[in-house]
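Input: a single structure, listed below in structure tokens.
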Amino acid sequence: MITKKVFLKKTKRGNILKIVREHYLRDDIYCGSYACDKCNDNNKILSTDPDSDNILFDMPHYLILDTNVILNQIDVLEEPTLCNVIVLQTVLEEVKHRSSSVYKRLKEIIADSRRNFYVFVNEHHRETYVERIPGEKINDRNDRAIRVAANWYDNHLNQSSNQPKEDRISIVLLSDDVENRKHASTLVLNSCSAEDYVRSLKNAPMLEDKLSARNFSSEGKTALFPTHLTPVQIHEGIKAGKVLQGSFQASRENFLEGFVNVEGYEKPILVQGREGLNRAVDGDNVAIELLPEEEWSAPSEIVLQDDETVDTGDVGDDEEELQKTKNKPIEKQPTGRIVGIIRRKWRQYCGILQANPVRGVSPIQISNLQNVHDLT
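Per UniProt numbering, residue 1 is the first one in the sequence shown, and the count goes up by one each step.
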């Protein structure tokens with residue numbers, strides 16, 4: 001079966017191109033479970049009797065993960081406790097797009113035959129492929145595709161097994177998205193958050209220490225940087241022309257300056273100040289918002305070197321020096337501020353945050369910072 005997508009694209013020269021994309025759907029993509037009697041697959045991975053050491057779900061079950069669970073809880077997934085997991089193609093591709101480092105770690109888990117991680121190509125299966133509804137956000141479409149695949153698996157395993165009803169394998173969807181779990185409940189799917197699932201495991205108390213805390217309170221605290229836009233907001237902003245996408249290049253002379261190379265612009269877009277840089281690191285693919293022309297500036301002529309510690313008072317002095325150079329009568333260039341990080345370029349680091357006992361000095365300093373790859 002073939003589905004086609006036809007759309008028109010305007011080139012830089014003004015020509016109109018008609019682009020046709022064919023999407024092939026098949027009915028010979030198997031579930032990969034030894035408990036299934038229907039699929040004639042020689043490459044089965046999922047166990048016939050998966051362990052059910054969970055208080056919430058005491059029946060035999062396989063896990064299906066959504067994208068955010070993998071991105072945020074990859075440390076938990078690397079532990080050998082969790083086995084018999086179905087990784088959907090939708091999720092795998094989204095992880096690859098959003099974090100190459102997490103994607104590499106996930107591929108290593110999948111390659112471990114002892115873990116029983118099975119990749120199901122739901123985007124090319126006739127019964128699990130989901131068309132995007134006009135006006136639907138790509139994130140909502142992907143969540144819907146995950147639920148459709150989970151529902152198909154649940155029904156498929158119930159219909160294709162000769163085991164007694166109480167021994168049949170169920171599907172549990174792990175998602176930290178409340179709305180996604182609500183929609184899953186309408187399909188009578190078992191679902192819960194990654195934290196609830198891990199805390200309900202009977203013999204894995206150490207696994208709780210590796211949970212990534214996503215919900216915390218910051219009341220009474222002042223944010224040092226503007227909040228990044230979500231991937232959905234960035235996508236909508238780029239589509240509406242309000243947000244631009246480009247590669248960030250940090251200035252070698254001034255740590256409070258940088259440039260973003262955007263396709264279609266003759267000159268790179270200037271970014272100045274800590275709030276303008278907004279935690280971008282050299283080489284990052286960033287989303288940038290162009291400032292009004294009256295707020296455009298010119299690169300400063302002063303040299304500012306970053307210190308090891310961050311003191312808000314020192315930063316204020318540096319910002320004042322930078323502001324003085326903005327007012328000089330130099331040719332101005334397009335200026336913007338970074339509103340989100342599309343793809344990180346940096347490597348992973350680990351370190352220790354130590355509170356400074358001396359009052360009036362930087363409240364936090366980072367010590368023993370090392371590259372993760374140097375420790376292994």
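Ideal Cβ positions, reconstructed from N, Cα and C, are used throughout, including at glycine.
Determine the burial state of residue i: buried for a count of at least 16 other Cβ atoms within 10 Å of its Cβ, exposed for fewer.
i: Cys350; result: exposed
i: Gly276; result: buried
i: Gln272; result: buried
i: Ser101; result: exposed
i: Gly313; result: Residue confidence for Gly313 is low, a pLDDT of 48 falling below 50, so the modelled location carries little weight and cannot support an answer.
i: Phe225; result: exposed
i: Thr90; result: buried
i: Thr227; result: exposed
i: Asn40; result: exposed
i: His156; result: buried
i: residue 387; result: Nothing about residue 387 can be reported from this structure: the residues present for the chain run from 1 to 376 only.
i: Lys18; result: exposed
i: Lys5; result: exposed
i: Ile352; result: exposed
i: Phe248; result: buried
i: Ile133; result: exposed
i: Asn43; result: exposed
i: Ala355; result: exposed
i: Arg181; result: buried
i: Thr309; result: Since pLDDT at Thr309 reaches only 46, below the 50 mark, its modelled position is unreliable, and the value read off the structure follows with that caveat. That one is exposed.
i: Ile16; result: exposed
i: Pro292; result: exposed
i: Gly32; result: buried
i: Ile138; result: exposed
i: Ala35; result: buried
i: Phe7; result: exposed
Just tell me which of the options has its CA closest to the CA of residue i.
i: Thr48; options: Pro164, Arg279, Thr230; result: Pro164
i: Glu263; options: Pro60, Lys182, Asn285; result: Asn285
i: Glu294; options: Asn54, Tyr265, Gly336; result: Gly336
i: Gly283; options: Ile70, Ala355, Thr227, Ser251; result: Ser251
i: Gln73; options: Leu174, Asn142, Tyr34; result: Leu174
i: Ile70; options: Val87, Ile341, Cys83, Leu56; result: Val87
i: Pro50; options: Arg168, Lys104, Arg279; result: Arg168
i: Val20; options: Leu229, Lys9, Arg13; result: Lys9
i: Thr3; options: Val178, Glu131, Asn203, Ala150; result: Glu131
i: Leu187; options: Glu208, Asn158, Ser212, Ala150; result: Ala150
i: Arg274; options: Glu257, Ile64, Tyr153, Val172; result: Glu257
i: Asp154; options: Ile55, His61, Leu46, Lys202; result: His61
i: Asn84; options: His97, Lys104, Ile45; result: Ile45
i: Ile55; options: Arg199, Gln354, Glu236, Lys210; result: Arg199
i: Val281; options: Ile338, Glu331, Leu244; result: Ile338
i: Asn122; options: Asn142, Pro205, Arg13, Ala223; result: Asn142
i: Asn254; options: Glu301, Thr81, Ile109; result: Glu301
i: Arg344; options: Gln233, Gly14, Arg98, Ser297; result: Arg98
i: Asn203; options: Glu22, Arg13, Thr11, Thr81; result: Thr81
i: Glu179; options: Pro205, Gly135, Asp140; result: Asp140
Is residue i near the ligand GDP, judged by its Cβ being under 7 Å from some heavy atom?
i: Glu123; result: This structure simply doesn't include the ligand GDP, nor any ligand for that matter.
Check the DSSP bridge columns for residue i and list the partner residues they point to.
i: Ser297; result: Gln333
i: Asn285; result: Ser247, Arg343
i: Ser191; result: Leu173
i: Arg21; result: Lys5
i: Val260; result: Phe248, Ile269
i: Ile16; result: Lys10
i: Tyr62; result: Ile171
i: Phe57; result: DSSP, once it has assigned bridges, lists no residue as partnering Phe57.
i: Val198; result: BP columns for Val198 are empty, so no partner.
i: Leu290; result: Gly336
i: Val87; result: Val119
i: His125; result: Arg26
i: His46; result: Checking the sequence shown, residue 46 turns out to be Leu, not His. Leu46 pairs with Ser33.
Could you tell me how far apart the beta carbons of residue i and residue j are, in whole angstroms, since I believe they sit closer than 8 Å?
i: Ala184; j: Ser191; result: 4 Å
i: residue 381; j: Val260; result: The structure shown has nothing for residue 381, since the chain only spans 1 to 376.
i: Ile269; j: Ile238; result: Going by Cβ atoms, the distance from Ile269 to Ile238 rounds to 14 Å, so no, they are not a contact pair.
i: Val95; j: Leu77; result: The pair is not a contact, with the Cβ atoms about 11 Å apart (cut-off 8 Å).
i: Pro334; j: Leu290; result: 6 Å
i: Asp196; j: Asn68; result: So it is not a contact: roughly 15 Å between Cβ atoms.
i: Asp75; j: Lys210; result: 4 Å
i: Asp37; j: Asn158; result: With a Cβ gap of about 12 Å, Asp37 and Asn158 do not count as contacting.
i: Leu189; j: Gly340; result: That pair is no contact at about 32 Å.
i: Ser170; j: Met59; result: 6 Å
i: Ser297; j: Lys267; result: About 13 Å separates the two Cβ atoms, so there is no contact after all.
i: Ile234; j: Ile109; result: Contact flag wrong, Cβ pair sits at about 28 Å.
Strictly under 8 Å for the Cβ-Cβ distance: is residue i near chain B by that measure?
i: Ala145; result: Chain labels in this structure do not include chain B; a single protein chain is all it has.
Would you check if there are 3 or more beta carbon pairs closer than 8 Å linking the region 97–115 to the region 144–153? Flag = no, the region 97–115 and the region 144–153 do not touch.
Should the region 119–131 be regarded as contacting the region 19–38, the criterion being three or more beta carbon pairs within less than 8 Å? yes
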